[in-house]
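Participant: In case it helps, my numbering puts the sequence shown at residues 101 to 202.
Each residue gets a CB set at the ideal place from its N, CA and C atoms; glycine is no exception.
Every value quoted in this text rests on a predicted model; they were computed, and no experiment measured them.
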Amino acid sequence: MLRVRRMYYLKKVINPFAFKVYGLAAVALGTFKMVSVQNVIANMPGFLDLGSMYVFMRAALLNTELSVQLALIVATLLALLVLKDALKRGVAPLHKTVQVRI
Numbered sequence: 101m102l103r104v105r106r107m108y109y110l111k112k113v114i115n116p117f118a119f120k121v122y123g124l125a126a127v128a129l130g131t132f133k134m135v136s137v138q139n140v141i142a143n144m145p146g147f148l149d150l151g152s153m154y155v156f157m158r159a160a161l162l163n164t165e166l167s168v169q170l171a172l173i174v175a176t177l178l179a180l181l182v183l184k185d186a187l188k189r190g191v192a193p194l195h196k197t198v199q200v201r202i
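#1: Taking only runs that begin and end inside the segment 116-198, name each unbroken alpha helix (DSSP H) of 4 or more residues, in chain order.
#2: Check whether the Cβ atoms of Lys120 and Asp185 lie closer than 8 Å to each other.
#3: Please report the distance separating the alpha-carbon of Asn143 from that of Met153.
#4: Does the Cβ-Cβ distance between Thr131 and Leu178 come in under 8 Å?
#5: Sort Leu110, Leu166 and Phe117 by Cα distance to Leu187 and report the nearest one.
#6: Is Ala160 near Val137, with beta carbons less than 8 Å apart?
#7: If I follow the unbroken alpha helix (DSSP H) through Met101, where does it start and stop?
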């Protein structure tokens with residue numbers, strides 16, 4: 101029974117959706133180590149000023165190091181893949197439930 105339980109949890113942890121989420125988390129952590137998020141937020145214009153926010157984000161992305169640019173591109177792609185899988189899966193639970201009739 102222990103082997104069955106172990107295989108069940110391994111299948112839950114090792115699946116394509118989980119790997120995409122793990123990859124996204126790893127890229128996000130790497131990006132946060134390379135970027136001073138506190139300084140970015142301090143220099144950012146207000147959220148409601150969309151024109152200034154676009155100019156700021158564009159300048160921030162174009163004037164950063166290549167490693168950060170690549171990490172942001174990979175993170176965006178992984179986030180889109182995770183979103184696609186989540187929308188395809190819908191609001192169904194991750195595990196299958198068993199209905200018992202009495």
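Facilitator: Taking the geometry as given:
#1: 116-134, 137-143, 150-162 and 166-189
#2: yes
#3: 11 Å
#4: no
#5: Phe117
#6: no
#7: It is not in any alpha helix (DSSP H) - Met101 carries neither H nor E in the DSSP assignment.
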